[in-house]
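Chains as they are written, first to last, in my numbering: chain B, 1 to 493; chain L, 494 to 592.
For each residue, glycine too, the CB sits at the ideal point set by N, CA and C.
Data first, discussion second: the structure below is written as structure tokens.
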Amino acid sequence: MGELAKLTIATARDMLRNKTISATELTNDCLSAIDAGDALNAFCHKTPDHARTQAITADKMLATGDAPDMCGIPLGIKDLFCTKGVKTQAASAILANFKPEYESTITTQLWQQGAIMLGKTNMDEFAMGSSNETSTYGAVINPWRGNPPLTPGGSSGGSAAAVAADLCLAALGTDTGGSIRQPVAFTGITGIKPTYGRCSRWGVIAFASSLDQAGPMAKSVRDCAILLGAMSGHDPKDSTSANLAVPDFEAMLDQPIKGKKIAIPKEYRLDGMPQDIEDLWANGIARLRDAGAEIVDVSLPHTKYALPAYYVLAPAEASSNLARYDGVRYGLRADIGAEDGIDEMYKKTRAEGFGDEVKRRLMIGTYVLSAGFYDAYYRRAQKVRNLIKRDFQQVFDTGVEAILTPTTPSAAFALGDETAIDPIKMYLNDVFTVTVNLAGLPAISLPAGLDSAGLPLGLQLIGRPWEEGELMNIAGALEKDFAFDAKPNAWWG
Amino acid sequence: MQIDQTTVKRIANLARIDVKDTELDAMADRLSRIIGFMEQLNEVDISDVTDTPAVMPMDLKWRDDTPTTDETGGDKPAQILSNAPMTREGFFAVPKVVE
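This is the structure we're talking about:
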């Protein structure tokens with residue numbers, strides 16, 4: 001059991017096409033691995049019947065001999081994606097038992113191509129968190145260590161744990177401030193946040209609409225390229241979706257990176273950063289130089305203001321987006337007294353349905369948008385966002401193709417370690433990733449080594465807008481050099 | 494900026510979230526920390542910076558003002574009500590709003 005679930009998308013695709021395995025066998029193997037992996041809490045709703053039905057369809061498509069790349073590939077789907085008739089709660093109690101009447105654009109595209117949903121993956125409530133501890137289903141446990149349990153990161157922690165533990169071939173994540181990249185770094189896998197507008201947001205439960213982007217979480221750069229290609233494309237139902245052709249990302253891999261200009265930003269060198277991360281970064285730089293890349297030192301002067309700007313803008317957008325959860329149209333409605341009016345119903349429902357971190361962010365968002373504070377906080381943060389974007393633009397204008405940084409300032413930490421006594425401490429996890437969301441850029445994180453405690457660490461490459469193909473090509477060169485093949489001990493099985 | 498209990502109550506009311514009196518202190522403390530953290534933004538000179546209307550330059554799209562025939566089109570009362578906590582005669586039901 002679980003042997004087929006260990007496959008990459010690329011290998012499984014070839015085996016499915018040459019009939020070495022069937023989609024049904026592959027799906028059943030993943031379903032068994034998921035059942036054996038309950039201790040990880042990675043899946044919050046399993047959909048085995050749905051998966052088997054889709055596998056039969058995929059096998060029929062494969063039999064015709066002309067199946068798309070993703071045909072027959074079993075995936076974990078973050079609980080943020082609306083899936084028709086299947087519970088979708090954004091890991092929140094306020095969406096208790098919500099079953100969407102429609103399917104998100106991204107998952108619609110995937111099912112049309114023959115991909116298979118194994119279930120919905122656990123996450124931080126409404127994607128607000130960096131440790132998966134804000135989920136109404138309880139935290140996910142990082143496959144790399146169960147005792148004492150480590151966080152898989154967040155918010156796409158269930159997707160990361162499921163891929164790292166080989167419960168599925170790949171998974172969908174979303175990234176508003178680092179929610180794909182931080183968990184993939186913490187679990188030793190690869191994930192990319194595409195350029196804002198590359199993938200449709202339609203049917204993906206909104207957190208901060210100007211920052212949210214979905215992306216693949218997978219076992220290799222090649223798998224990210226295949227899955228991203230299948231997820232991308234223009235969608236008239238999302239007004240911010242880009243009307244651009246989707247290149248064949250996979251065909252852009254394995255190109256030489258000789259002569260490519262890669263930038264190293266000095267502001268990402270933090271005081272007190274662990275030596276392991278310094279070393280990892282230095283190693284990444286050395287490897288790129290060996291491959292013939294030209295390494296240049298650059299400055300992104302407004303980097304330190306990215307986190308405070310993000311924690312104004314994201315909660316502001318969330319306070320507006322999450323106003324829809326009012327106990328009227330879907331999800332939870334709190335019990336109210338006979339004398340209670342509609343305002344009490346709203347207030348009690350939202351108090352009962354939202355967790356502490358979500359409430360805090362909604363309150364902050366409401367505050368920075370409220371009369372008298374809008375200019376001082378929200379408007380100012382918008383302008384700082386523009387400066388952060390301009391910093392990147394100026395670097396790319398000098399011919400830089402990608403920027404190399406660590407993904408996170410630490411390896412995975414223990415669950416319960418950085419609980420909400422000081423929310424700022426948790427926010428600092430996103431210090432290297434939020435800049436990218438603010439600027440709308442694509443960025444990939446790939447595993448680059450283990451720290452002295454044996455935990456995986458990631459490096460991040462940030463690319464030019466719409467240049468995911470080139471970005472993954474450079475990441476692929478690093479991946480080949482690192483040859484990272486460490487796996488967690490399967491203690492959960 | 495220190496957020497006091499009165500401010501917490503005011504924001505909670507605007508956000509339509511019930512906050513118990515016993516929670517006010519802890520909430521005020523945490524919100525104050527977060528707002529304090531944001532105050533770093535005051536160091537930045539923004540005098541010649543414009544707002545960010547869209548992070549990727551994009552023209553807003555136009556479409557014909559006709560109903561679509563996909564999921565976003567009309568005439569789907571059953572689907573729209575299917576997840577509602579309470580309905581009555583084809584409508585969402587809520588506590589009495591006007592006497």
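Annotation: the continuous beta strand (DSSP E) that includes M217(B) extends over Q213 to A218. Cβ atoms of P148(B) and A161(B) stay farther apart than 8 angstroms, at about 16 angstroms. Short of 8 angstroms from the beta carbon of G583(L), and not among the five residues preceding or following it, lie these beta carbons of its own chain, in chain order: P570 and L574. Listed along the chain, the chain B residues whose CB falls inside 7 angstroms of the CB of A508(L) are S319, L362, M363 and T366. Under the 7 angstroms criterion on CB atoms, A351(B) is classed as interfacial with respect to chain L.
In the DSSP assignment, Q460(B) falls within the unbroken beta strand (DSSP E) covering P456 to G463. Measuring C-alpha to C-alpha distances from L253(B) to each of R269(B), Y196(B), N41(B) and G229(B) identifies G229(B) as the nearest. Around the beta-carbon of V384(B), 16 or more other beta-carbon atoms lie within 10 Å, marking it buried. CA-to-CA, the gap between V537(L) and K554(L) works out to about 34 angstroms. Ranked by Cα distance from D497(L), the first of D514(L), L534(L) and M531(L) is D514(L).
Judged by their CB atoms, L244(B) and A33(B) are not nearer to each other than the 7 angstroms cut-off. Between the C-alpha atoms of V512(L) and G331(B) there is a straight-line separation of about 21 angstroms. Within the region 122-175 of chain B, the runs of alpha helix (DSSP H) that reach at least 4 residues and sit entirely inside it are, in chain order, 157-164. V591(L) and D558(L) have their C-alpha atoms spaced approximately 34 angstroms apart. Across the set F81(B), L441(B) and R198(B), the C-alpha of F81(B) shows the shortest separation from the C-alpha of N122(B). Under the 7 angstroms criterion on CB atoms, P423(B) is classed as interfacial with respect to chain L. In the DSSP secondary-structure assignment, D297(B) is bridged to I264(B). Taking the Cβ atoms as the reference, K84(B) lies roughly 7 angstroms from E101(B), within the contact range of under 8 angstroms. Residue environment analysis places R13(B) among the buried positions, since at least 16 neighbouring C-beta atoms fall within 10 angstroms of its C-beta.
Contact note: S575(L) reaches chain B through E101, using a C-beta cutoff of 7 angstroms and chain order. With a 10 Å radius around the Cβ and a threshold of 16 neighbouring Cβ atoms, S239(B) comes out exposed.
The Cβ atoms of D79(B) and K120(B) sit closer than 7 angstroms to each other.
Nearest CB-CB separation between Q113(B) and chain L: not below the 7 angstroms threshold. If you check the CB distance, Y311(B) and Y427(B) come in under 7 angstroms. Contact between A90(B) and E125(B) is confirmed by a C-beta separation of about 7 angstroms, below the 8 angstroms threshold. Taking all protein chains in view, the Cβ of A214(B) is crowded by 16 or more other Cβ atoms within 10 Å, so the residue is classified as buried. Considering only beta carbons, no part of the region 82-95 of chain B lies closer than 7 angstroms to chain L. Per DSSP, reduced to three states, the secondary structure at T190(B) is strand.
Within the region 434-450 of chain B, the residues whose Cβ lies closer than 8 angstroms to some Cβ of chain L are L438, A439 and G440, listed in chain order. Of the candidates R333(B), D297(B) and L369(B), R333(B) places its Cα closest to the Cα of F354(B). G76(B) carries a strand assignment under DSSP once its states are collapsed to helix, strand and coil. Within the model, the alpha-carbon separation for M128(B) versus T64(B) is close to 43 angstroms. Membership of C224(B) in the alpha helix (DSSP H) is indicated by the continuous run V221 to M231. When Cβ pairs closer than 8 angstroms are counted between the two stretches, the region 269-283 of chain B is seen not to touch the region 293-310 of chain B, the count staying below three. Boundaries of the alpha helix (DSSP H) harbouring P423(B): P423 to Y427, taken from the DSSP string.
In this structure, A439(B) sits away from F396(B), with a CB-CB distance that is not shorter than 7 angstroms.
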